[in-house]
Every structure is written in structure tokens, then in C-alpha cells.
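J.:
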Amino acid sequence: MIAEESICINENLVYERPETLTDTPMHYCPGCGHGVAHRIIAEVIAELGIQDQTIGVAPVGCSVLAYNYLNIDMTEAAHGRASAVATGIKRVLPDKYVFSYQGDGDLAAIGTGETIHTCNRGENILIVFINNGIYGMTGGQMAPTTLPGMKSTTSPFGRDVSVMGNPLKITDLVAQLPGTYYVTRCAVNSPVNVRKAKAAIKKSFEYQKEKKGTCFVEIVSNCPSNWKMTPVQANKWLEENMLPYYPLGDLKKPSN
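Using numbering that gives the first Met the number 0, the final residue of the sequence shown is 255, and nothing's skipped along the way.
1) So, with DSSP's three-state summary, where would you put Cys222?
2) When you measure from the CB of Val191 to every non-hydrogen atom of the ligand SAH, does any distance come out below 7 Å?
3) Between Tyr134 and the rest of its own chain, which residues show a CB-CB distance below 7 Å, the 5 nearest in sequence each way excluded?
4) Below 8 Å CB to CB, which residues in the same chain sit around Leu146 once its five sequence neighbours on both sides are set aside?
5) Considering only the alpha carbon of each residue, which of Gly32, Ile218, Gly148 lies closest to Val160?
6) Roughly how many angstroms separate the alpha carbons of Asp94 and Glu217, rounded to a whole number?
7) Following the continuous alpha helix (DSSP H) through Cys185, name the residue where it begins and the one where it ends.
8) Have a look at Ala233 and Ala83 and give me their C-alpha separation to the nearest angstrom.
9) What beta strand (DSSP E) runs, 3 residues minimum, are completely inside the region 71-146?
10) Determine the closest residue to Glu205 out of Thr23, Leu92, Ile49, Leu12, with distance taken between C-alpha atoms.
11) Quick one: measure Cβ to Cβ for Gly110 and Ala81, integer angstroms, because I've assumed they're closer than 8 Å.
12) Pairs of beta-carbons, one from the region 24-39 and one from the region 177-197, closer than 8 Å: are there three or more?
13) Got a sec? Which residues, its chain only, sit under 7 Å from Asn225 by beta carbon, not counting five neighbours each side?
14) Could you work out which residue in Gly248, Val173, Pro155 is closest to Leu106 when comparing CA atoms only?
15) Distance, Cα to Cα, Met25 vs Phe156?
16) List the residues that DSSP assigns as beta-bridge partners of Asp249.
17) Quick check on Ile44: buried or exposed, where buried means 16 or more other Cβ atoms within 10 Å of its Cβ?
18) Secondary structure at Arg194, three-state DSSP: helix, strand or coil?
19) Work out the CA separation of Glu10 and Ile1 for me, nearest whole Å.
20) In or out: Gln101 buried (at least 16 other Cβ within 10 Å) or exposed?
21) Quick check on DSSP: helix, strand or coil for Gly34?
22) Helix, strand or coil for Phe204 per DSSP?
23) What are the start and end residues of the beta strand (DSSP E) that includes Ala65?
24) Just checking my contact of Thr183 with Cys118 at CB under 8 Å: how many whole Å lie between their CB atoms?
25) Work out the CA separation of Thr23 and Thr179 for me, nearest whole Å.
26) Would you give the residue range spanned by the beta strand (DSSP E) that Ile8 belongs to?
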């Protein structure tokens, strides 16, 4: 017991909860990437010292309770409308740091129109896009991002592209729009990828000060519950299937 207590000192801590993350138990399923994404957003806001200057928008889906965990000003949007709400907030309060936090069913399905036009107009906000290839909260239905052959509750034999169409690579799409300034795809399945995702979010907040357009950060994640896998299996499946289809890296970045 004495030996164990001797190592429990501040300088040996590898993680400490930032003030921007509330002391609330996470409701997400074990192994889900949402909790990690919340943490790195909270850390970036704390490190930049912009807690009282940041406003987040969370819509419907697994991201809906983000406002329970992020200790900043938050508002909820109707399903798919987060980027539209964020646009309104940013235009009324242009000096605030504004971001939306959205899943693939929200952003790339019911919110496709809002997403495309927000990016095309170059609204000076950050859009954080969690892509786990499925509708998580509502029962595991096929999403726009569901892979070919991937099973879901509404594609029990796998996604048949001849009938259901191809997955929508919406990040690639918004990267082509003149209003986007920085577009990148990250993941949170490993320590190195978590660090890269955090760096991308930090750069996106910093770019807001330059007023150059929309920053768009996709985070390829997992959904152990609806994929019917353990967390370890889900991360392995993500690496072997999701990442080859949604390769990581910058799709659009400032030239300077």
C-alpha cells in the first residue's frame, strides 16, 4: 500500500480533467470515440484560454448530450440544423469561437443541405464531424457513411450499392467548396491519432481569428454497440475497414 501511494503524486499524472470538462460520468458505450473527442475539444479550449469566449452547438444523436460534459456555453439544435444555428450565433456574435459537434446521420443525412451551404458560404465556424458509419442512438440503422457490404439494422445483408447507393464522402465534397479554409480527417483510435486530432481542432480554433472561412474536422470513430463488437474488436475493424475507405489526413489546408 505504501509503494502504491508513493507514486500517486501530481507529476506522475498522465491525465488531469481540465476545467472545461465537467465532472460528470460519461454516458457513452464502452470504447466509444465520443468521450475522447469531447476530452480533446475541452483540452484545446482550456489550453487556448477561450472558455468564456466559446459557444458549441450539439444536435440530435449520440452527440446530443455534449453540453452535459463541455463546461462552456452550449445550445442544442434540431436534427441536422447545427451548422445553421452555429451560423446564426457567429453572425450575431462574430468575436466568439463557435463550433458544431455532429454525427454522420445528423450532418450527412438530414443536415446535408445545411452542411453544404454553410461550407459554401464560408461561415467562420468549426464543424466537428464524428463518422462511425452508422446511426448510433436510434438503433443502428444504415447511415450515409455506412460502408459497402456493412451490415446494419436496415441493411441486414450488408449495404448493396446497386440498391442503396454509395457511401457519401462528405468531407471530400466540402473540401472542394471555395468557402472551406481547412478540411481534415482524423481518428481517435490510437494515442498518435488522438494527438493529431487534437492538433487539428486547435488549428481550427486558431484559424477562426483569421476569418478565412469554414474549418471542417472529420473524426472517424467506432460504434462497438451497433457494430456488435467489443471495443478492441471495433478499433481493429475500424483500422482494417473504415480507414482504408476514409483515409486520414488533410484534404484542404492553407497554403501559407
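Virtual Cβ for every residue (Gly too), placed ideally from N, Cα, C. Given the structure is predicted, the values throughout are model-derived calculations rather than measurements.
T.: Let me spell this out:
1) Stepping through the sequence shown from its first residue, residue 222 is reached at position 223. DSSP places Cys222 in the coil class of the three-state scheme, outside both helix and strand.
2) What this structure holds is no ligand at all, so the ligand SAH is not there to describe.
3) To locate residue 134, count along the sequence shown from 1; it is residue 135. Closer than 7 Å at the Cβ level, and outside the excluded window around Tyr134, lie Gly104, Gln140, Ala142.
4) Sequence index remark: in the sequence shown, residue 146 carries index 147 (1-based). Gly132, Arg158, Pro166, Asn240, Met241, Tyr244, listed in sequence order.
5) Sequence index remark: in the sequence shown, residue 160 carries index 161 (1-based). Per the Cα distances, Gly148.
6) Start at 1 with the first residue of the sequence shown, and residue 94 comes out as number 95. Start at 1 with the first residue of the sequence shown, and residue 217 comes out as number 218. Going from the Cα of Asp94 to the Cα of Glu217 covers about 24 Å.
7) Indexing the sequence shown from 1 puts residue 185 at position 186. Per DSSP, Cys185 is not a residue of any alpha helix (DSSP H); the beta strand (DSSP E) it occupies stretches across 179-186.
8) The residue labelled residue 233 in the question sits at position 234 within the sequence shown. The residue labelled residue 83 in the question sits at position 84 within the sequence shown. Roughly 32 Å between the two C-alpha positions.
9) 72-75, 96-102, 125-130
10) Taking the first residue of the sequence shown as 1, we reach residue 205 at position 206. The shortest C-alpha separation from Glu205 is found at Ile49.
11) For the purposes of this step, residue 110 is taken as residue 111 along the sequence shown, with counting starting at 1. For the purposes of this step, residue 81 is taken as residue 82 along the sequence shown, with counting starting at 1. About 7 Å separates the CB atoms of Gly110 and Ala81; that is less than 8 Å, so the two are in contact.
12) Flag = yes, the region 24-39 and the region 177-197 touch.
13) Taking the sequence shown and counting its residues from 1, one reaches residue 225 at position 226. The residues are Ile133, Gly135, Gly139.
14) One-based indexing of the sequence shown puts residue 106 at position 107. It is Val173 whose Cα lies nearest to the Cα of Leu106.
15) Mapped onto the sequence shown, residue 25 falls at position 26. Mapped onto the sequence shown, residue 156 falls at position 157. Those two C-alpha atoms are separated by around 33 Å.
16) As a working mapping, residue 249 is identified with position 250 in the sequence shown. Answer by DSSP bridge pairing, in chain order: Thr183.
17) What you label residue 44 is simply residue 45 of the sequence shown in a count that begins at 1. Buried, since its Cβ has 16 or more Cβ neighbours within 10 Å.
18) Taking the first residue of the sequence shown as 1, we reach residue 194 at position 195. Arg194 falls in the helix class under three-state DSSP.
19) As a working mapping, residue 1 is identified with position 2 in the sequence shown. As a working mapping, residue 10 is identified with position 11 in the sequence shown. Residue confidence is low: Ile1 scores 49 on pLDDT, short of 50, so the model does not pin down where it sits. No coordinate-derived value is stated.
20) Residue 101 sits at position 102 when you count from the first residue of the sequence shown. By the 10 Å Cβ count, Gln101 comes out buried.
21) Against the sequence shown, residue 34 aligns to sequence position 35. Helix, per DSSP.
22) If you number the sequence shown from 1, residue 204 lands on position 205. If DSSP states are grouped into helix, strand and coil, Phe204 belongs with the helices.
23) In the sequence shown, the residue the question calls residue 65 occupies position 66. Where Ala65 is concerned, there is no enclosing beta strand (DSSP E), given that its DSSP letter is neither H nor E.
24) Along the sequence shown, one-based indexing puts residue 183 at 184. Along the sequence shown, one-based indexing puts residue 118 at 119. About 14 Å; that fails the 8 Å criterion.
25) By 1-based counting over the sequence shown, the position of residue 179 is 180. By 1-based counting over the sequence shown, the position of residue 23 is 24. Distance between the alpha carbons of Thr179 and Thr23 is about 34 Å.
26) Looking up residue 8 in the sequence shown gives position 9. That residue, Ile8, is in no beta strand (DSSP E); it is neither H nor E in DSSP.
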